[in-house]
Amino acid sequence: MGHEKPIEPFSDLHREGDHVRAVLLHDPTVEGLDMAIYMDASGSMKEEYAYKTQQRGFLEWLRGAPMKEASNDVEPQVRWMLEYLATKDRNGLLRVAYWACGTNGRQVEAVGELKGTDVKQYKFPGAKQLGGYTYLEPALRDYVKYLEEQVKVGAKRGCAIIVTDGRLHDAEAVEKFSEEVAKKIASGRLPRINFVLVGVGDDIDEEQLEHIAHAEYPGVGHLWCHRIAKEITQVAELVAVLVDETMTVAAGGTIYDDKGKILKTYEGRLPAVLEFEVPEEAKSFTLEVNGQRYTQPLPDEEHHDGDEDEDHH
1 MGHEKPIEPF
11 SDLHREGDHV
21 RAVLLHDPTV
31 EGLDMAIYMD
41 ASGSMKEEYA
51 YKTQQRGFLE
61 WLRGAPMKEA
71 SNDVEPQVRW
81 MLEYLATKDR
91 NGLLRVAYWA
101 CGTNGRQVEA
111 VGELKGTDVK
121 QYKFPGAKQL
131 GGYTYLEPAL
141 RDYVKYLEEQ
151 VKVGAKRGCA
161 IIVTDGRLHD
171 AEAVEKFSEE
181 VAKKIASGRL
191 PRINFVLVGV
201 GDDIDEEQLE
211 HIAHAEYPGV
221 GHLWCHRIAK
231 EITQVAELVA
241 VLVDETMTVA
251 AGGTIYDDKG
261 KILKTYEGRL
271 PAVLEFEVPE
281 EAKSFTLEVN
291 GQRYTQPLPD
301 EEHHDGDEDE
311 DHH
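According to UniProt numbering, the sequence shown is numbered sequentially starting from 1.
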């Protein structure tokens, strides 16, 4: 099975047999959305949290330029995510916490409810004690409990961004808890929730992230999607999982196969999620919108126990 990365203006791409589902890059507004960021604080992240002072160049030194502010690898990533995600949140405040901390790696250390507008003054030096193991399930429980409280004061949907170096020690527990969450969503006991795994660093276990993101749950579909931080070119990719077919991105468009045959015409409105059939041998398709054409290579047919992976990136 081959994977093709979505290219702009697409943020997600999936093919199963002749059926293609392509999600357009869109900056969604979702009513009552309550967002959070959870930062991996396991021992393997030690280097990422280490502060390094950038040296002044010789000419800067001669000019008397001030010393550059010390930073770590996590801080700039979390700051830009927080600044953007706060614009999506219903009250502009995000729950921010460290996970996988404490001796056993099962602790969650809350940083607080942070504003995107104050992002420059926040420091993210890591948890008080980095964890010996990377256990994610306690962080998911923490967010679900938090969201249940927020529902009482207006939250209608939840989305947690989970920053990790991509090596989980409790993947099975994560999958089991995800099933519990999906059942509660399907029965109306929880609002719709999505989890986004964002891999940072050079030792990401992308296969593990993909495996978790592939799962589909009855009545809910996908709970998870995953992103690799260094591959994100537009911040809207962080919340592609919130985009659905009710959102409109343009006033119509046309889809062609790689031989120039029209596959589908959208009159009046072009939805953010496109679903259409392609010939079996098709290697790409082209979207024509507003007089411009965008050609997207197609992946080979995907086989994942019959599951659609709308969130493979």
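Even for Gly, the Cβ is constructed at its ideal location relative to N, Cα and C.
C-beta contact flag for residue i and residue j at 7 Å
i	j	result
Leu140	Glu113	no
Ala160	Phe124	no
Val30	Phe276	no
Lys88	Met35	yes
Ala41	Leu130	yes
Asp170	Tyr135	yes
Gly201	Gly132	no
Ala186	Gly219	yes
Leu24	Val239	no
Glu206	Ser11	no
Nearest candidate by alpha-carbon position, reference residue i, set the options
i	options	result
Ile262	Tyr84, His26, Glu288	Glu288
Lys120	Asn104, Arg106, Glu75, Val163	Glu75
Lys184	His211, Leu168, Glu206, Tyr217	Tyr217
Ser284	Glu245, Pro299, Leu274, Pro271	Pro299
Leu190	Gln208, Arg157, Gly102, Glu207	Arg157
Lys128	Gly199, Thr103, Leu62, Gln150	Thr103
Val153	Gly219, Asp170, Asn91, Asp73	Asn91
Ala155	Asp205, Ser44, Leu33, Gln234	Leu33
Ala86	Gly291, Lys259, Val235	Val235
Ala182	Gly199, Val144, Leu197	Val144
Gly268	Asn290, Val243, Gly188	Asn290
Ser71	Gly126, Lys176, Phe177, Gly199	Gly126
Thr265	Val151, Pro279, Ala173, Thr286	Thr286
Val151	Arg192, Gly260, Glu180	Arg192
Burial state of residue i (16 or more Cβ within 10 Å)
i	result
His226	buried
Tyr51	exposed
Cys272	What sits at residue 272 in the sequence shown is Ala, not Cys. Looking at its Cβ environment, which holds 16 or more other Cβ atoms inside 10 Å, Ala272 is buried.
Leu223	buried
Gly116	buried
Arg293	exposed
Leu242	buried
Gly199	buried
Gly105	buried
Within-7 Å CB hit, residue i to chain C
i	result
Gly253	The displayed structure is made up of one protein chain only, and chain C is not part of it.
Cα-Cα separation, residue i to residue j
i	j	result
Glu245	Leu13	14 Å
Gln296	Pro9	9 Å
Lys5	Leu62	46 Å
Leu270	Tyr84	25 Å
Leu274	Asp118	37 Å
Leu82	Ile37	8 Å
Ala22	Thr53	43 Å
Glu281	Asp18	9 Å
Arg79	Glu48	14 Å
residue 314	His26	Since the first and last residues shown for the chain are 1 and 313, residue 314 lies out of range.
Leu197	Tyr122	22 Å
Lys176	Leu59	57 Å
Gly188	Val174	21 Å
Met45	Asp73	10 Å
Met247	Arg15	21 Å
Ser178	Glu148	16 Å
Lys259	Cys101	54 Å
Pro28	Pro279	31 Å
Ile204	Glu180	27 Å
Gln77	Tyr98	14 Å
Gln208	Glu172	11 Å
The stretch 126-143 touching the stretch 160-180, judged by at least three CB pairs closer than 8 Å:
yes
Evaluate contact between the stretch 98-111 and the stretch 230-248, counting only Cβ atoms and requiring at least three cross-stretch pairs below 8 Å.
no
Taking contact to mean 3 or more Cβ pairs, one atom from each stretch, closer than 8 Å, check whether the stretch 201-213 and the stretch 248-260 are in contact.
no
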